[in-house]
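The sequence shown begins at 1 in our numbering and counts up one residue at a time.
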Amino acid sequence: HLEGEVLAPCVELRKYNTDQIELADQENRTIINTLQWGMFAVALGGSLSGLVLGYAVTRSLNRSIYQLSVRIRDAAGRLSRELGSVTLEGKGDLPDLHRQMRGIIEEIGRVVDQLEQREREVLRSEQLAAVGQVAAGVAHELRNPLTAIKLLVQTGLEGTLAAGLPPEDLAVVEQEIQRIEHCLQTFLDFARPPRCERRCADLVEVVRRALTLVEGRARLQKVVLATVFPHGPVPLKIDPEQVRQVLVNLLLNALDALPQGGRVVVEVAYPGAPSHPQFGHHAALGFVEVRVRDSGAGILPTIRSRLFEPFVSSKDTGLGLGLSICKRLIEAHGGTIRAENAQEGGTVFAFRLPMEEAHACAAGRG
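Here is the structure:
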């Protein structure tokens, strides 16, 4: 009886444990089978996804390569039309694309070489044309005074004048020689401009001296010269001779535009900046501007944009180098020059000079 009471629960407990073990083992096998199928599905899905993605990427790359190949061939076609035969052959794959690109690079190098050669040829042609233009201009300017001198000398050599040439003829010879000298000096200034030697100078005084040089001609032509200057000196570090040369050239051009009289106004101003006590009530930091305004007919529209180019002139005489020389001299000072028709009529020539070292000049340190 005791054995039944003790062993029976043990047998039942063992049976229960055995059942639980079998149940757990069955669940484990189920989980393992599920994991195996899941891993198989993941592997299969990854492979399929890789294949699909790879196909899509390959198709996209092939399309891009094809489009790039078409563009390369189009570029080659344009090169062929412009510069001769450029042939590209291939299937459009990556190695062929590399060969095509290398061919295009070689053709571009050849094109660059050809363009550089053509540029040198054009530059040489322009230089020869410029030399011919200068020679024609110089010959034209020298022929007239030389003809006048020749006629007067021939008259003297004929012996018809016992006392030689009269004073008025000698005066004509002198004037024509001066005209020749001026022509040659203009050409030399253009071909070999003098070196800019800056020193401290009063710009107003430079303008006054330039006006003094043209006052006589202005009186003969009944031209009124007027000035508008700031209060006090305008100290700048400039080459006074070169700036005076620019002013004289602009003043002579203004007088050429007023053969029957008129008015020329020369103004020194500080536009576009606040006042500074060191340089007067209207002084400005940055630059100073000189304007030469005449009451003439203005600039012809046909030459307005080319006015400062060499050999461009609205006058029948002269080489057309004066304004080109002025532009070069002003730019050598770090300045700018311009020309425009005034609203009230006439022409305004204006150039600007920087005031970078004006303080040192004003303090006497230049």
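We put the CB at the ideal spot given by N, CA and C, even for glycine.
{"Query": "Distance, Cα to Cα, Arg306 vs Asp256?", "Result": "19 Å"}
{"Query": "For Val266, tell me which candidate among Leu225, Gln242 and Gly232 has the shortest Cα-Cα distance.", "Result": "Leu225"}
{"Query": "Measuring alpha carbon to alpha carbon, tell me which of Asn249, Gly156 and Leu151 ends up nearest Leu213.", "Result": "Asn249"}
{"Query": "Beta carbon of Cys200, beta carbon of Cys326: below 8 Å?", "Result": "no"}
{"Query": "Just to confirm the assignment, what range does the beta strand (DSSP E) spanning Pro235 have?", "Result": "Pro235 to Ile238"}
{"Query": "Out of Pro167, Asp202, Ile149 and Arg195, point me to the one whose CA is closest to Arg179's CA.", "Result": "Ile149"}
{"Query": "Thinking C-alpha only, which one of Gly296, Val290, Gly345 and Ile177 is nearest Gln260?", "Result": "Gly296"}
{"Query": "In angstroms with no decimal places, state the Cα-to-Cα distance between Leu258 and Gly232.", "Result": "31 Å"}
{"Query": "Judging by CA-CA distance, which residue of Leu48, Glu27, Gln36 and Glu356 is the nearest neighbour of Ile238?", "Result": "Glu356"}
{"Query": "Verify whether the separation of the beta carbon atoms of Cys397 and Gln242 is less than 8 Å.", "Result": "The shown model of the chain, from 1 to 366, leaves out residue 397, and the question about it has no answer."}
{"Query": "Around the Cβ of Asn28, are there at least 16 other Cβ atoms within 10 angstroms (buried) or fewer (exposed)?", "Result": "exposed"}
{"Query": "So, at 7 Å on beta carbons, what are the nonlocal neighbours of Val122 in its own chain, with the 5 sequence-adjacent residues on each side left out?", "Result": "none"}
{"Query": "Assuming Val264 contacts Ala254 (C-beta within less than 8 Å), just tell me the rounded distance between them.", "Result": "5 Å"}
{"Query": "Just to confirm, is the Cβ distance from Asp169 to Leu146 under 8 Å?", "Result": "no"}
{"Query": "Please work out which residues of its chain come closer than 8 Å, Cβ to Cβ, to Gly335, disregarding the five sequence neighbours upstream and downstream, and give them in chain order.", "Result": "Phe287, Phe351, Arg352, Leu353 and Pro354"}
{"Query": "In the structure shown, what three-state DSSP assignment does Pro145 receive?", "Result": "helix"}
{"Query": "With a 10 Å radius around its C-beta and 16 neighbouring C-beta atoms as the bar for buried, classify Gly322 as buried or exposed.", "Result": "buried"}
{"Query": "Does the beta-carbon of Arg124 have 16 or more other beta-carbons within 10 angstroms, so that it is buried, or is it exposed?", "Result": "exposed"}
{"Query": "Using C-beta distances below 6 Å, list every residue in its chain close to Glu331, excluding the 5 sequence neighbours before and after it, in chain order.", "Result": "none"}
{"Query": "I'd like the list of long-range same chain contacts for Val207, defined as Cβ closer than 7 Å, with 5 residues on each side in sequence excluded.", "Result": "Leu247, Val266, Val268 and Val290"}
{"Query": "Does DSSP put Val111 in a helix, a strand or coil?", "Result": "helix"}
{"Query": "In whole angstroms, what separates the C-alpha of Ala342 from that of Ile299?", "Result": "10 Å"}
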